[in-house]
Amino acid sequence: MINNGYGIVDGHKDSLGCDMQALIRRLYPICRSITGEGVRQTISILKEYLSDIHVHEVPSGTPCFDWVVPKEWNIRDAYVVDPNGNKIVDFKKLNLHVVGYSIPVDKTVTLDELQEHLYSLPDQPAAVPYVTSYYKERWGFCISDDQRRILKPGMYHVYIDSDLKEGSLTYGEAILPGESTKEVFLSTYVCHPSMANNELSGPAVTAFLGRWLKSLSRRRYTYRIIFIPETIGSILYLSRNIEVMKRNVVAGFNVTCVGDDRAYSYLPSREGNSLADKVAKHVLRHHAPNYISYSFLVRGSDERQYCSPGVDLPVCSIMRSMYGSYPEYHTSLDDLNLVTPAGLYGAYEALQKCLWSIENNKFLKTAILCEPKLDKRGLYPSVGVIKMPEQSLVDMMNLIAYADGSRSLLDISDIINIPMWEAVNIAERLLNKGVLKEEDPGV
Amino acid sequence: MINNGYGIVDGHKDSLGCDMQALIRRLYPICRSITGEGVRQTISILKEYLSDIHVHEVPSGTPCFDWVVPKEWNIRDAYVVDPNGNKIVDFKKLNLHVVGYSIPVDKTVTLDELQEHLYSLPDQPAAVPYVTSYYKERWGFCISDDQRRILKPGMYHVYIDSDLKEGSLTYGEAILPGESTKEVFLSTYVCHPSMANNELSGPAVTAFLGRWLKSLSRRRYTYRIIFIPETIGSILYLSRNIEVMKRNVVAGFNVTCVGDDRAYSYLPSREGNSLADKVAKHVLRHHAPNYISYSFLVRGSDERQYCSPGVDLPVCSIMRSMYGSYPEYHTSLDDLNLVTPAGLYGAYEALQKCLWSIENNKFLKTAILCEPKLDKRGLYPSVGVIKMPEQSLVDMMNLIAYADGSRSLLDISDIINIPMWEAVNIAERLLNKGVLKEEDPGV
Amino acid sequence: MINNGYGIVDGHKDSLGCDMQALIRRLYPICRSITGEGVRQTISILKEYLSDIHVHEVPSGTPCFDWVVPKEWNIRDAYVVDPNGNKIVDFKKLNLHVVGYSIPVDKTVTLDELQEHLYSLPDQPAAVPYVTSYYKERWGFCISDDQRRILKPGMYHVYIDSDLKEGSLTYGEAILPGESTKEVFLSTYVCHPSMANNELSGPAVTAFLGRWLKSLSRRRYTYRIIFIPETIGSILYLSRNIEVMKRNVVAGFNVTCVGDDRAYSYLPSREGNSLADKVAKHVLRHHAPNYISYSFLVRGSDERQYCSPGVDLPVCSIMRSMYGSYPEYHTSLDDLNLVTPAGLYGAYEALQKCLWSIENNKFLKTAILCEPKLDKRGLYPSVGVIKMPEQSLVDMMNLIAYADGSRSLLDISDIINIPMWEAVNIAERLLNKGVLKEEDPGV
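Protein chains in written order, with our numbering: chain A, 108 to 550; chain B, 108 to 550; chain C, 108 to 550.
Given below as structure tokens:
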């Protein structure tokens, strides 16, 4: 690992941000859902960036805890034709127009009947909402409220060329082995149609984190990285992997809403005190001190599964603008304009610092009773300091003062109020000079 | 138990408040002290409301820890006649005029001599103070400072027709058995003459709580309810019952000053962290969020005994305006105008919610790993929520998320910030649907 | 021990402050360093005040943890003569003019060459700084920046008549035995030349505290009091005494910067929760409520050694204006005008209250279940209190209420918010009356 002052070198900020945005542009048009070809195409493209992704197919009907893998849904076309013969709603122009998991339909209906199958947002009249009905068979269209209000009475032709039948649920999994069987876990989801911050920022940032992790000459931890449909995917994945994950995962992050450049957000694990929480709060305090700290009570993504009672995995989230908190959320307005290279890179870097901090977290102990004689090791000036020593010397002395073997470097960084990437630099110099020694690696 | 949204149905608010006020009006004229006929009459009337009250008589001279049951005091008449032959102070008009436990006297004294036996309040010149001398024999009169300042020199006839002799101390005790031998404890006192907030609100609210508890079709806990003279009564009662109470009492409340409508107050147990404290703070946070939280350092009633070292019972107080904190306290101004139906009912309801919350407190655990599939149980809409789910669904999901078997429903209610009466409703639906199961009942 | 209301009698405030100031005046002119005759003279004068001081000499070259006792340094004269033959810098007028541990020099140099050996403070142009070079051999002069800026080109005669050779390091140690082998530890330093707040206030206050401790008719704890050179002295002392100190020291104070009258300061031990910390915060809360509480992160004296990992002694500091925090620090401006009788006495008294509080700290338990009957012991009025009891009675009741055997008197004082010196008075009355009994003395 190359250490450039804060410890991590990994390409150029602008170029990485643009590369992630380019990946999102490729994935954007695909019509994803919790099953189907859209998921397969998405994972296939992600595999170009992270070749370790292994594709799993799980048959419809497979039980997973309280749930069952649903039928597979695929859609080819859908539209609404108005009484004048104009195609006023067209799936091929915007896949959000069809309620996810809509069953096939091909008939002519009155406006009143049509209304029962329409979804729109009166408060956001220009936006097309995102609606699904995975577990109850129905059909429907999502349109803007502006459009809905001008529909005229008459007969409408509604057409959905979809099928919903026995098939399989698809997910991707990459395991990057490390020196330890202990794991760091990354989870992101690939089940939303054309929306950018929620969701495509998640798979893009995760794939690039995976690529960076793979490039490391040495990994202390094993990395488990999954690309799944939200909710059913994480439940299914846990039903197959809970034992090994409960045994091995030391920290995990749910990667979602990591693309815009308006805020940083943190959502804790259920108890809020895991290594993942500790490192997330540490990194954000230094990386983006004005970050928003949400309560677990307002959670809404796969930490619902990872942090449920009996599962109890140490998983939290670092986000940019959190789902539900920004106006474009779950509408056609969450489009490619919302995610920016700077937004993506900022989240990527925050998560990268978390992973890097976990990799470099050690339990340190002074090798020497009382203050070590630092000048004889070239670590302190030989003339008595006039007045007070400079801050970098104070930081070094403080790090030594708390290196009592019971505290990790992350703990010490928090106490002495310096970022982990500075603490690692200081600690490495002190380890090299024999002032500190490493205790139990804490893995 | 009928569950009406917050779980408790128990007659009409206005009518119950008026009923309690009517009871206070009956008890008000009686001249109570720590012993004597006044206590017996008072308990006899309370028994009309709660027939389970059993009357105990303990002979004068009975030792109880560091104390001894005193002689019994009774009084028939008392007055002061001025030099002009006018009866200027008359026990029959206001029993506060006589210092409690005054020995008999019948003589003529100078004004100077009389002054040594008078008690008044210069800062509240219109009020007659409440004064006692239980453990040193003396006689005295309490008058308003307005009256005292216009007394003219001359000879005064002082007359007290009382007796102080071997007899007994009287207290009332009701035990309402429940499914468990574990107990909830209510204590109130019946030793003050004509004063309303401190003290008659206490026995009235306690008797009505007892009546409500008795009406329940099922009681999980046994209820121990006592009507005692303050201080000597609680010490005596503990000396006879400390072993069983230390073994069984899970929560207790000292019921005093529960009649006016100006404030809600909370006084903790010594350590402040018992089940009684937890439930009192929970209930008040939702019932009366602006309640005043006092320190144990300013306590002044029978928690002095219940929370003393070695006794260590989990007893706290929910009050309206706390003793010592309101100007009318311990004077003739603490009269029937001070206690109102709304004041009494508010305190009654807060204590009722505490008892009901303790009855309904359970340790819950999810029966299912990961999120339960709520729609198949009719607990969640089948169409994907547009934007964010409504608060009642969020509360339900949050309750499930913290039901890890280590937390009581009360703990969970505090974490997810909903009142216990909503949490119980949600929990019952989830228990019925098999989503949750009950752990150790925690009794 | 005479108890005068707050428990401590020890001469008159003004006279003690003046006596300490007089001692400082005697010590001020001596040129101290970490070794040499200056330290010996200083300890010899301190011994006049505290005859128990035993002088230790440790040879140069003696290893101590990561350090080695340096050569001994002595100096007789030093000056700089300018091109006009004027002696512009004279050690005999101000010993701060010579860099501590300067090697001998006697030559003529250009102004440019001289500049390389000069130290001054551009931000405090009138002040002569204090500079040392203990561990790298060099020579140098400290002058005011005002003087430095008017130096003219030409040849300067620099002369230092010092020697740096094998010798010994000197320190003083007084052990005042008590009933217990458990110890209270006081450490102060004697290695700075003519500076008053930092450092002479420290040895003066410490010597007077020792004298007071010696005057006590009874000492529960043994007192270990040391007068050492800073850093090397504490490291050396620990290398010889760490085992016994780790076993026995229950609380310790580093006594430094205790002479001016501008502030009170507290610097915690590393963990901040030792008995020394608890008592220091308790005393300052009552003695000087506006005291400044520093973080351990800005420490700079011998707690660097005492609180280092593996040493872990319970040592904190009570100071007046802390080193580094006041403008005169480590310059010629830290002179006799800075320390005042009131400043010295205030610090002396705060530390005295700490030691006295530790001596008088006991674990107390009520001897009686429920409230003791205080009136029969003359501790409470026999007439029922009108309205609320006075504060002194409340304090007494509160002390009893928390005397559960698990809390020390210091803990109880903090809970009931009275100073330890009032709590001891109350506790003694209650012990005498049999209301309380002493648990395990807690030594």
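The beta carbon of each residue, even a glycine, is placed where N, CA and C say it ideally should be.
Are there 16 or more other CB atoms within 10 angstroms of the CB of D253(A), so buried, or fewer, so exposed?
exposed
Could you give the uninterrupted runs of the beta strand (DSSP E) lying entirely in the segment 172-215 of chain B, keeping only those of 3 residues or more?
179-188, 194-197
Could you work out which residue in K154(B), T215(B), N524(B), R377(B) is closest to V422(B) when comparing CA atoms only?
Just measuring C-alpha positions, the residue of K154(B), T215(B), N524(B), R377(B) sitting nearest V422(B) is R377(B).
Going straight from the alpha carbon of Q412(C) to that of C138(C), what length do you get?
25 Å
Please state whether DSSP places M426(C) in a helix, a strand or coil.
strand
Does P479(B) come within less than 8 Å of chain A when only Cβ atoms are used?
yes
CB A314(C) to CB L201(C), shorter than 8 Å?
Judged by beta-carbon spacing, L201(C) lies beyond the 8 Å limit of A314(C), meaning their Cβ atoms are not closer than that value.
Taking 7 Å as the limit between beta carbons, can you name the residues of its chain near A370(B), skipping five residues before and five after?
I399, R427, S428
Among M302(C), D173(C), D268(C), whose alpha-carbon lies nearest the alpha-carbon of A234(C)?
M302(C)
DSSP three-state label for K259(A), please.
If DSSP states are grouped into helix, strand and coil, K259(A) belongs with coil.
Is the Cβ of S489(B) closer than 8 Å to any Cβ of chain A?
Judged by the 8 Å Cβ criterion, S489(B) is in contact with chain A.
Mapping the DSSP letters down to three states, classify D268(B) as helix, strand or coil.
strand
Suppose you measure from the CA of V291(C) to the CA of E337(C); what does that come to, to the nearest Å?
Going from the Cα of V291(C) to the Cα of E337(C) covers about 19 Å.
Figure out for me which residue from L543(C), G366(C), D419(C), E478(C) has the closest Cα to the Cα of G124(C).
G366(C)
To the nearest angstrom, report how far apart W246(C) and G279(C) are at their CA atoms.
29 Å
Could you tell me how far apart the beta carbons of G453(A) and D368(A) are, in whole angstroms, since I believe they sit closer than 8 Å?
That pair is a contact at about 7 Å.
Compute the beta-carbon to beta-carbon distance between T329(B) and T288(B), rounded to the nearest angstrom, for a pair I have assumed lies under 8 Å.
6 Å
Start and end of the alpha helix (DSSP H) containing T363(C)?
In the DSSP annotation of this structure, T363(C) is not part of any alpha helix (DSSP H), being labelled neither H nor E.
List the residues of chain E that V418(B) touches, going by C-beta distances under 7 Å, in chain order.
Judged by its chain identifiers, the structure shown contains no chain E, and its protein chains are A, B and C.
Just checking, does the segment 294-312 of chain B make contact with the segment 225-234 of chain B on the three C-beta pairs under 8 Å criterion?
no
Listing by chain order, which chain C residues have their CB less than 8 Å from the CB of Q412(B)?
In chain order: C477, E478.
My understanding is that L374(C) touches S424(C), with C-beta atoms under 8 Å, so please give their C-beta distance in whole angstroms.
4 Å
When you compare only the Cα positions, how much space is there between D189(A) and M262(A)?
7 Å
Would you report the Cα separation of Y509(A) and L481(A), rounded to the nearest angstrom?
16 Å
What does the Cβ neighbour count give for V312(B), buried or exposed, with the cut at 16 atoms within 10 Å?
With a 10 Å radius around the Cβ and a threshold of 16 neighbouring Cβ atoms, V312(B) comes out buried.
Quick one: is A534(B) near chain A, going by C-beta distance under 8 Å?
no
Is the CB of G359(C) under 8 Å away from at least one CB in chain A?
no
Give the DSSP bridge partners of V162(A), in chain order.
G279(A)
According to DSSP, simplified to helix, strand and coil, what is Y330(A)?
strand
Please report the straight-line C-alpha distance between A185(C) and L221(C), rounded to a whole angstrom.
In a straight line, the C-alpha of A185(C) is about 14 Å away from that of L221(C).
Could you tell me which uninterrupted alpha helix (DSSP H) segments, each at least 4 residues in length, are contained entirely in the segment 474-533 of chain A, listed from first to last along the chain?
498-509, 516-523
Give me, in chain order, the residues of the same chain whose beta-carbon lies closer than 6 Å to that of P526(C); leave out the 5 immediate sequence neighbours on both sides.
Excluding the 5 residues flanking it on each side, P526(C) has same chain C-beta neighbours closer than 6 Å at H393, in chain order.
Is W174(B) closer than 8 Å to G143(B) when the C-beta atoms are compared?
Contact flag unset, no.
Let me make sure I understand the geometry here. Which of L516(C), I522(C), L391(C) has the alpha-carbon closest to that of L537(C)?
L516(C)
Looking at C-alpha atoms only, which residue of L271(A), D442(A), R183(A), V418(A) is the closest neighbour of R132(A)?
Nearest C-alpha to R132(A): D442(A).
Name the one or two DSSP bridge partners that V291(B) has.
Y330(B), A358(B)
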